[in-house]
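In the numbering used here, each number is its position in the sequence shown, counted from 1, plus 2. Built from N, CA and C at the ideal position, the CB exists for glycine as well. It should be emphasised that the depicted structure is a prediction, and the values quoted were computed from it without experimental measurement.
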Amino acid sequence: MSTQDFRAVTYPVRVYSGQGALANIKAEVARSRGKRAFIVCGRTVSRKTPLIDKIRGRLGELCAGVYDELEKDSPLGPVLAARDAARAAEADLVIAVG
């Protein structure tokens, strides 16, 4: 068995779930000092439910955009596309939904 040197960089992660999860989303973005929040999700939650529109509405001007092409156990390609979209939107915070 061989080992490889590596470096892991982690960022603060907060998980919210339940009926009250949306109530404080704008305050949570502010607490994280976010100015441009980018939402990543799958097509189903984005196109067949009102959830993403509700999040965008609560975020208002803090919402930098949405990438909704992820799927369960997404392969690397769509994940990298989401990363690139967030970078292009100059996002400083990511909200993953789903």
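* To do: Could you check what DSSP says for L95 in three-state terms: helix, strand or coil?
  => In the sequence shown, counting from the first residue as 1, residue 95 sits at position 93. If DSSP states are grouped into helix, strand and coil, L95 belongs with the strands.
* If you run the structure through DSSP and keep just helix, strand and coil, what is L24? -> Here the question's residue 24 lines up with position 22 in the sequence shown. Coil, per DSSP.
* Per-residue burial, S19 [other beta carbons within 10 Å of its own, 16 or more giving buried] -> Taking the sequence shown and counting its residues from 1, one reaches residue 19 at position 17. So S19 counts as exposed.
* Is the CB-CB distance between I41 and I57 below 8 angstroms? -> For the purposes of this step, residue 41 is identified with residue 39 of the sequence shown, where counting begins at 1. For the purposes of this step, residue 57 is identified with residue 55 of the sequence shown, where counting begins at 1. With contacts defined as CB atoms closer than 8 angstroms, I41 and I57 qualify as a contacting pair.
* Asked: By Cβ distance below 6 angstroms, which residues in the same chain neighbour A98 in space, the five residues on each side in sequence not counted?
  -> By 1-based counting over the sequence shown, the position of residue 98 is 96. Excluding residues within five positions, the ones whose Cβ falls inside 6 angstroms are V42.
* Could you tell me if V31 is buried or exposed, where buried requires 16 or more neighbouring beta carbons within 10 angstroms of its beta carbon? => Reading the sequence shown from its first residue, position 29 is the one you call residue 31. Buried, because 16 or more other Cβ atoms sit within 10 Å of the Cβ of V31.
* Could you check the C-alpha separation between V15 and R9 for me, to the nearest Å? => Start at 1 with the first residue of the sequence shown, and residue 15 comes out as number 13. Start at 1 with the first residue of the sequence shown, and residue 9 comes out as number 7. A direct Cα-to-Cα measurement between V15 and R9 gives close to 18 angstroms.
* Asked: Counting along the chain, where does the beta strand (DSSP E) carrying D70 start and finish?
  -> The residue labelled residue 70 in the question sits at position 68 within the sequence shown. Here the beta strand (DSSP E) through D70 covers C65 to L72.
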